[in-house]
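Student: Provided herewith is a single structure, encoded as structure tokens, for subsequent inquiry.
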Amino acid sequence: MKQTMEENEIVTMKEQLAKLKAENELLKSKVLQHENILEGALDAVAIFDEQLRFIDVNSSACHMFQLTKVELCKRNLYDFLTLIPKNEIKQLVDELYKKDSLGKEVVVKLENGQVRFLEISLRRQAINGYDLAMLKDVSFKKMLERERTINEQLFKDLFHRAVDGIVIFDQHGSFIDANGSFCTSFEINKVQLNSYALDDFIDKQDNDKLDKLWGVLKENGSAKGELPVVLKNGDKKIFEFTTTSNIINGFYMAIMRDITEKCSMELKLYKSEERFREIFENAIDAIMIWRKDGQILRVNQAASRTFELAEDELVTRNILDFIDQTTLAFAKVKKEYFQMGAIREELLFHMPNGQNKELEFTSKMDIAEGHHLTIFRNVSERKRMVKILRESEQKFRKIFDGAMDGIVLFNNDFEIIEANPSALRILNGSSEDIISFNLYELLSSDLKKDRVKTGFDSKYLEESLQEITYRFENGEEKILEFTLKSNINENMNLAVFRDVTEKRELEEQLRKSDTLNVVGELAAGIAHEIRNPMTALKGFIQLLEGSVKDDFSMYFNVITSELSRIESIITEFLILARPQAIKYLKIEIGKIMKETIDLLNAQAILVNVQMKLSLEKDLPLIYCEPNQLKQVFINVLKNAIEVMTKGGQIDVQIKRKDESHIVVSIIDRGTGISEDKIKRLGQPFYTTKERGTGLGLMVSYKIIEEHRGIVDVESEEGKGTTFHITLPINQ
Numbered sequence: 001m002k003q004t005m006e007e008n009e010i011v012t013m014k015e016q017l018a019k020l021k022a023e024n025e026l027l028k029s030k031v032l033q034h035e036n037i038l039e040g041a042l043d044a045v046a047i048f049d050e051q052l053r054f055i056d057v058n059s060s061a062c063h064m065f066q067l068t069k070v071e072l073c074k075r076n077l078y079d080f081l082t083l084i085p086k087n088e089i090k091q092l093v094d095e096l097y098k099k100d101s102l103g104k105e106v107v108v109k110l111e112n113g114q115v116r117f118l119e120i121s122l123r124r125q126a127i128n129g130y131d132l133a134m135l136k137d138v139s140f141k142k143m144l145e146r147e148r149t150i151n152e153q154l155f156k157d158l159f160h161r162a163v164d165g166i167v168i169f170d171q172h173g174s175f176i177d178a179n180g181s182f183c184t185s186f187e188i189n190k191v192q193l194n195s196y197a198l199d200d201f202i203d204k205q206d207n208d209k210l211d212k213l214w215g216v217l218k219e220n221g222s223a224k225g226e227l228p229v230v231l232k233n234g235d236k237k238i239f240e241f242t243t244t245s246n247i248i249n250g251f252y253m254a255i256m257r258d259i260t261e262k263c264s265m266e267l268k269l270y271k272s273e274e275r276f277r278e279i280f281e282n283a284i285d286a287i288m289i290w291r292k293d294g295q296i297l298r299v300n301q302a303a304s305r306t307f308e309l310a311e312d313e314l315v316t317r318n319i320l321d322f323i324d325q326t327t328l329a330f331a332k333v334k335k336e337y338f339q340m341g342a343i344r345e346e347l348l349f350h351m352p353n354g355q356n357k358e359l360e361f362t363s364k365m366d367i368a369e370g371h372h373l374t375i376f377r378n379v380s381e382r383k384r385m386v387k388i389l390r391e392s393e394q395k396f397r398k399i400f401d402g403a404m405d406g407i408v409l410f411n412n413d414f415e416i417i418e419a420n421p422s423a424l425r426i427l428n429g430s431s432e433d434i435i436s437f438n439l440y441e442l443l444s445s446d447l448k449k450d451r452v453k454t455g456f457d458s459k460y461l462e463e464s465l466q467e468i469t470y471r472f473e474n475g476e477e478k479i480l481e482f483t484l485k486s487n488i489n490e491n492m493n494l495a496v497f498r499d500v501t502e503k504r505e506l507e508e509q510l511r512k513s514d515t516l517n518v519v520g521e522l523a524a525g526i527a528h529e530i531r532n533p534m535t536a537l538k539g540f541i542q543l544l545e546g547s548v549k550d551d552f553s554m555y556f557n558v559i560t561s562e563l564s565r566i567e568s569i570i571t572e573f574l575i576l577a578r579p580q581a582i583k584y585l586k587i588e589i590g591k592i593m594k595e596t597i598d599l600l601n602a603q604a605i606l607v608n609v610q611m612k613l614s615l616e617k618d619l620p621l622i623y624c625e626p627n628q629l630k631q632v633f634i635n636v637l638k639n640a641i642e643v644m645t646k647g648g649q650i651d652v653q654i655k656r657k658d659e660s661h662i663v664v665s666i667i668d669r670g671t672g673i674s675e676d677k678i679k680r681l682g683q684p685f686y687t688t689k690e691r692g693t694g695l696g697l698m699v700s701y702k703i704i705e706e707h708r709g710i711v712d713v714e715s716e717e718g719k720g721t722t723f724h725i726t727l728p729i730n731q
């Protein structure tokens, strides 16, 4: 019996166990189903305990809070409510647990600092005594709502505060609404706005523009352009507009800007630009606009002429292409320009054809859009003229100070303004004393007071040459030659003095020496006339001595002796009349040429001519008569100086031609000689100069011929002449 009861209990227990297993499987199935539902939910789902600690969450909740499930289940909802004041958190939690609460918006701050808006629906003890919460991220919605609110407010502010006029009108052009700027521009009251339409302000002749506007607006939904309007008071205005359709209940909105004044300014600006363009293109000075990097953007015709490039080619260049950037002058100008922003200076510019020009320029930076404006003026000619003037002044000063004659400048009252050193020497005065000297005191022996009063109207003062004897305070007397020239400048006259005291003494001595010249000429004639009969006498005496038989040897000896004495006297007469004997020497030809150049250098300087000597190294000594060669060089160099009327340089080159000859080349840059005239050079009395005799070159050719040399002449009219003198080293 007992055994039967145990078996029954076992069966019962098995049945209960099987039932429990079935219930357990069902529960597992439900839990798995709940977990699948929880994980598959799109919204975040969380299970909280009564302290709002996370018990369980789905993946959406993990994504929302950006934490793993393990990390999130260690947190409390209060951890994310840090942005809510503590005194409001309890009230917030109470509202979450209200039965009729469909969802409460809560601001949470995540651990990474992000702020999100969550909509939370909480159900108390929904799962095994735990609270179930549905969490929805409404941050994007809140952002859109916030932006919509801001945009609405901004639109209202823009509409009412906009400087441009804004008007809303229907498809017939009737005004629905407008801001204050529009009403002000159209000079209408906003209360009367609805009684007007757009075509009320359009002139009939501009209706085609309005029709075109409606056509574009209906076809494209937007239009823009310019529209002339006529206000009710008759004033005309031009509005720039932008129109869009269907922005509010199918109405149109136009933003209109009054550009009447702008159009007027543009017209004035256009006229101003036309005037500027006219001035720019026709300006005498070169004008150039360039970028900060130096690239030329625009030039006028004068710039094209100045820089000698076509305009289209010049704008492809850089302004720095024409300047030597390595010079100190450029560095100084560049530094000052970028410091001051403007400059006026002069620089040397290199033209594309190789010519250099001195340009004065005014430059200013940032005239428009960061560009630079430079105005150029060619001052090369002015510089050249200033240089010529300065050189002319220097020449005058050299002539004035270095003249052998005394030169005095004086005014119409005969007061001396300036005197050169020779005048001070002639008048025995210093530069301080001579200023107080009155020229009338010097000329008083010949000039009368009435002539002084009439000044230079008297022809007497314009005589070419006059002579006076002046006695100085120390008792010394000088014979002075002088010439006067009136009105060489305003209230300035010129007197040239020459001390001819010594000249007059020499003339006296010369008159005495004329007798000696006559004696010399007579000596030559007498010697010639006596020597011929003397030769006959001497010959016949010798013949007679042999034919006379008596002893007259003593007489013949006396006669022969006396005839020899007479011949000796005649020889001395010939020596008196004969020129100095020629002596050939071995000498350095470079030395002869240097002495000749030194001799003529003063004359060359007076006419702005420079002589440059080039000698080949190790030239041999030549056998010649130095004085005669010097005379040849003097004649040729003087001719070269005289033909170079505008100044310049004479080149003298001496070099070996071969082992036996040297060549002396004298090169001038004068007017040149034609071929037919070259052939006649050296002929007696033939010359290319107005006052020449032709004897200089004739003598020179003769001397070279006697030295067994050759003269070759090369010349080109307008460019110059070269004399090649070939001389043998040994005779």
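Take the sequence shown: its letters are residues 1 to 731, numbered as in the numbering used here. Virtual Cβ for every residue (Gly too), placed ideally from N, Cα, C. Quick caveat, the model's predicted, so the values are computed rather than measured.
Closest to Asp235 by C-alpha separation, out of Ser185, Val607 and Tyr252, would be which residue?
Tutor: Taking the sequence shown and counting its residues from 1, one reaches residue 235 at position 235. Residue Ser185 is the option with its Cα nearest to Asp235.
Student: Please report how far the alpha carbon of Ser665 lies from the alpha carbon of Tyr701, in whole angstroms.
Tutor: Position 665 of the sequence shown, counted from the start, is the residue given in the question as residue 665. Position 701 of the sequence shown, counted from the start, is the residue given in the question as residue 701. Roughly 15 angstroms separates the two Cα atoms.
Student: Around the Cβ of Thr306, are there at least 16 other Cβ atoms within 10 angstroms (buried) or fewer (exposed)?
Tutor: Residue numbering aside, residue 306 sits at position 306 when the sequence shown is read from its first letter. That one is buried.
Student: Would you mind giving the Cβ-Cβ distance between Ala342 and Lys357, rounded to the nearest angstrom? I have them listed as a contact below 8 angstroms.
Tutor: Taking the sequence shown and counting its residues from 1, the one referred to as residue 342 is at position 342. Taking the sequence shown and counting its residues from 1, the one referred to as residue 357 is at position 357. Actually they are not in contact, since the Cβ atoms of Ala342 and Lys357 sit about 22 angstroms apart, beyond 8 angstroms.
Student: Using the Cα positions of Gln631 and His724, report the straight-line distance between them to the nearest angstrom.
Tutor: Along the sequence shown, one-based indexing puts residue 631 at 631. Along the sequence shown, one-based indexing puts residue 724 at 724. Looking at the two C-alpha atoms, the distance is approximately 16 angstroms.
Student: Does the contact criterion of 3 or more C-beta pairs under 8 angstroms hold for the region 225-241 versus the region 151-159?
Tutor: They do not touch, by the three-pair rule.
Student: Tell me whether Lys237 is buried or exposed, calling it buried when 16 or more other Cβ atoms sit within 10 Å of its Cβ.
Tutor: In the sequence shown, counting from the first residue as 1, residue 237 sits at position 237. The residue is buried, with at least 16 neighbouring Cβ atoms inside 10 Å.
Student: Taking DSSP's pairing of strands, which residues face Met13 in a bridge?
Tutor: Position 13 of the sequence shown, counted from the start, is the residue given in the question as residue 13. Answer by DSSP bridge pairing: none, since Met13 is not bridged.
Student: Just to confirm the assignment: which complete alpha helix (DSSP H) runs, minimum length 4, are found wholly within the region 590-616?
Tutor: Qualifying alpha helix (DSSP H) stretches: none in this window.
Student: Please classify His63 as buried or exposed, where buried requires at least 16 neighbouring CB atoms within 10 angstroms.
Tutor: Your numbering for residue 63 matches position 63 in the sequence shown. So His63 ends up on the exposed side.
Student: Only counting runs of 3 or more residues, tell me where the beta strand (DSSP E) segments fall wholly within the region 124-162, in order along the chain.
Tutor: Segments of the beta strand (DSSP E) lying fully in the region 124-162: 130-137.
Student: Give the DSSP-derived three-state secondary structure of Asn491 in the structure shown.
Tutor: Within the sequence shown, residue 491 is the residue found at index 491, counting from 1. The answer is coil: DSSP assigns Asn491 none of H, G, I, E or B.
Student: Can you give me the C-alpha to C-alpha distance between Ile120 and Glu147, rounded to a whole angstrom?
Tutor: Within the sequence shown, residue 120 is the residue found at index 120, counting from 1. Within the sequence shown, residue 147 is the residue found at index 147, counting from 1. Spanning the two alpha carbons is a distance of roughly 23 angstroms.
Student: Sort Phe322, Ile89, Val11 and Phe330 by Cα distance to His350 and report the nearest one.
Tutor: Here residue 350 refers to the residue found at position 350 of the sequence shown. With distances taken between Cα atoms, His350 lies closest to Phe322.
Student: Please report how far the alpha carbon of Tyr440 lies from the alpha carbon of Leu409, in whole angstroms.
Tutor: On the sequence shown, position 440 is the one that residue 440 refers to. On the sequence shown, position 409 is the one that residue 409 refers to. So the two alpha carbons sit approximately 13 angstroms from each other.
Student: When burial is assigned at 16 or more other CB atoms within 10 Å of the CB, is Met385 buried or exposed?
Tutor: In the sequence shown, the residue the question calls residue 385 occupies position 385. Met385 is exposed by the Cβ-count criterion.
Student: Pull up the distance between the alpha-carbon of Ser486 and that of Ser422, whole angstroms please.
Tutor: Here residue 486 refers to the residue found at position 486 when the sequence shown is read from its first residue. Here residue 422 refers to the residue found at position 422 when the sequence shown is read from its first residue. Roughly 21 angstroms between the two C-alpha positions.
Student: Pick out whichever of Glu369, Ile634, Leu17 and Asn179 has its Cα sitting closest to the Cα of Ile255.
Tutor: Sequence index remark: in the sequence shown, residue 255 carries index 255 (1-based). Checked all of Glu369, Ile634, Leu17 and Asn179; the closest Cα to Ile255 is Asn179.
Student: Is the beta carbon of Leu600 less than 8 angstroms from the beta carbon of Val652?
Tutor: Translated into positions along the sequence shown, residue 600 becomes position 600. Translated into positions along the sequence shown, residue 652 becomes position 652. No; because the gap between Cβ atoms is not below 8 angstroms, this pair is not in contact.
Student: Can you have a look at His172 and say buried or exposed, based on whether 16 or more other CB atoms are within 10 angstroms of its CB?
Tutor: In the sequence shown, the residue the question calls residue 172 occupies position 172. It is exposed - the Cβ of His172 has fewer than 16 other Cβ atoms within 10 Å.
Student: Run through DSSP, which three-state label would Thr560 get?
Tutor: Residue mapping note: residue 560 aligns to position 560 of the sequence shown, counting from 1. Correct three-state label for Thr560: helix.
Student: Quickly, what does DSSP pair Tyr252 with across the bridge? List them, please.
Tutor: As a working mapping, residue 252 is identified with position 252 in the sequence shown. Bridge partners of Tyr252: Phe169 and Ser245.
Student: To the nearest angstrom, how far is the alpha carbon of Glu481 from that of Asn428?
Tutor: Locating residue 481 in the sequence shown gives position 481, where the first residue counts as 1. Locating residue 428 in the sequence shown gives position 428, where the first residue counts as 1. Roughly 16 angstroms separates the two Cα atoms.
Student: Starting from Phe361, follow its DSSP beta bridges and name the residues at the other end.
Tutor: Within the sequence shown, the letter at position 361 stands for residue 361. Answer by DSSP bridge pairing, in chain order: Glu345 and Phe376.
Student: Which whole-angstrom value is the C-beta distance of Leu144 and Ala133, which I expect to be below 8 angstroms?
Tutor: Along the sequence shown, read from residue 1 onward, the residue named residue 144 stands at position 144. Along the sequence shown, read from residue 1 onward, the residue named residue 133 stands at position 133. In fact, because the Cβ distance is near 25 angstroms, the residues do not count as touching under 8 angstroms.
Student: At a cut of 8 angstroms, does the region 89-98 reach the region 108-115 through at least three beta carbon pairs?
Tutor: No, because fewer than three Cβ pairs between the region 89-98 and the region 108-115 fall closer than 8 angstroms, the two stretches do not touch.
Student: Are Leu77 and Leu52 touching if we call contact CB-CB under 8 angstroms?
Tutor: Here the question's residue 77 lines up with position 77 in the sequence shown. Here the question's residue 52 lines up with position 52 in the sequence shown. In this structure, Leu52 lies closer than 8 angstroms to Leu77 by Cβ.
Student: Asp618 and Phe497 - do their beta-carbons sit closer together than 8 angstroms?
Tutor: Here the question's residue 497 lines up with position 497 in the sequence shown. Here the question's residue 618 lines up with position 618 in the sequence shown. Contact flag unset, no.
Student: Can you check DSSP and say which residues form a bridge with Met288?
Tutor: Translated into positions along the sequence shown, residue 288 becomes position 288. Bridge partners of Met288: Val299 and Thr374.
Student: Assuming the contact rule is C-beta atoms closer than 8 angstroms, Ile667 and Gly720 should be a hit. Round their C-beta distance to whole Å, please.
Tutor: The residue given as residue 667 occupies position 667 in the sequence shown. The residue given as residue 720 occupies position 720 in the sequence shown. Yes, Ile667 and Gly720 are in contact; Cβ-Cβ is about 7 angstroms, under 8 angstroms.
Student: Should Asn730 go down as buried or exposed, given a rule of 16 or more other Cβ atoms within 10 Å for buried?
Tutor: Residue 730 sits at position 730 when you count from the first residue of the sequence shown. Asn730 is exposed by the Cβ-count criterion.
Student: Anyone know if the C-beta pair for Phe741 and Ile468 falls short of 8 angstroms?
Tutor: For residue 741 there is no data in the structure shown, the boundaries of the chain being 1 and 731.
Student: State the Cα-Cα distance for the pair Val106 and Met265, rounded to the nearest angstrom.
Tutor: Position 106 of the sequence shown, counted from the first residue, corresponds to residue 106. Position 265 of the sequence shown, counted from the first residue, corresponds to residue 265. Cα to Cα, the separation comes out at about 59 angstroms.
Student: Mind checking Asp94: buried by the 16 CB within 10 Å criterion, or exposed?
Tutor: Mapped onto the sequence shown, residue 94 falls at position 94. Answer is exposed; the Cβ neighbour count stays below 16.
Student: Can you tell me the Cα-Cα spacing of Lys19 and Asn8, whole angstroms?
Tutor: Within the sequence shown, the letter at position 19 stands for residue 19. Within the sequence shown, the letter at position 8 stands for residue 8. Spanning the two alpha carbons is a distance of roughly 16 angstroms.
Student: Ordered along the chain, which non-local residues of its own chain (more than five positions away) have a Cβ less than 8 angstroms from that of Asp43?
Tutor: To locate residue 43, count along the sequence shown from 1; it is residue 43. Counting only Cβ-Cβ distances below 8 angstroms, and skipping sequence neighbours, we find Ser60, Met134, Leu135 and Lys136.
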